[in-house]
Amino acid sequence: MATVLPLQYFNIGPSIGKSYFEDLQGGTNATVTVNNEGTFPIDLVLTRVNAPLTTYTIPAGSSLTLAVGLLLVAALLTSAEGGTFGTIRLAVDSL
Numbered sequence: 001m002a003t004v005l006p007l008q009y010f011n012i013g014p015s016i017g018k019s020y021f022e023d024l025q026g027g028t029n030a031t032v033t034v035n036n037e038g039t040f041p042i043d044l045v046l047t048r049v050n051a052p053l054t055t056y057t058i059p060a061g062s063s064l065t066l067a068v069g070l071l072l073v074a075a076l077l078t079s080a081e082g083g084t085f086g087t088i089r090l091a092v093d094s095l
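Counting from 1, position 87 in the sequence shown corresponds to residue 87 in UniProt numbering; the numbering is continuous, with no gaps.
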């Protein structure tokens, strides 16, 4: 059964990264949704068990939803171009 974690708002300045989910005890299956409401792109950085680091760029004014197996860390990273704001929500298998 999935647990929907609280909606998290972000307002991140340029060239800053911030973690929004960590499960360092083996990973969990999750669905991650990021809404970028700002004027600059933001990167969703995912770390999974026995997998390379994966980065997805979310353009300004758009969103992305991904299903991720064995997620360890979900973080957001802004570029040097500028900061941005929006929301991130995770639904995870039982923790």
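Backbone N, C-alpha and C define an ideal beta-carbon position, used for all residues, glycine too.
If you scan the region 32 to 75 from start to end, which runs of the alpha helix (DSSP H) of 4 or more residues do you find wholly inside it?
none
Classify residue 88: buried if its beta carbon has 16 or more other beta carbons within 10 angstroms, exposed otherwise.
Residue 88 counts as buried, since at least 16 other C-beta atoms from the protein chains shown sit within 10 angstroms of its C-beta.
Alpha-carbon spacing of residue 28 relative to residue 75, whole angstroms
15 Å
Residue range of the unbroken beta strand (DSSP E) whose run includes residue 16
Careful: residue 16 lies outside any beta strand (DSSP E) and carries neither H nor E.
If I'm right that residue 64 touches residue 43 with Cβ under 8 Å, what's the distance once you round it to whole angstroms?
Separation of the CB atoms of residue 64 and residue 43 is rounded to 11 Å, and the pair is thereby denied contact status at 8 Å.
Round the Cβ separation of residue 10 and residue 86 to the nearest angstrom and send it over; I've been treating them as touching at under 8 Å.
6 Å
Residue range of the beta strand (DSSP E) that residue 90 falls in?
Start and end: 84 to 93.
Round the Cβ separation of residue 61 and residue 37 to the nearest angstrom and send it over; I've been treating them as touching at under 8 Å.
7 Å
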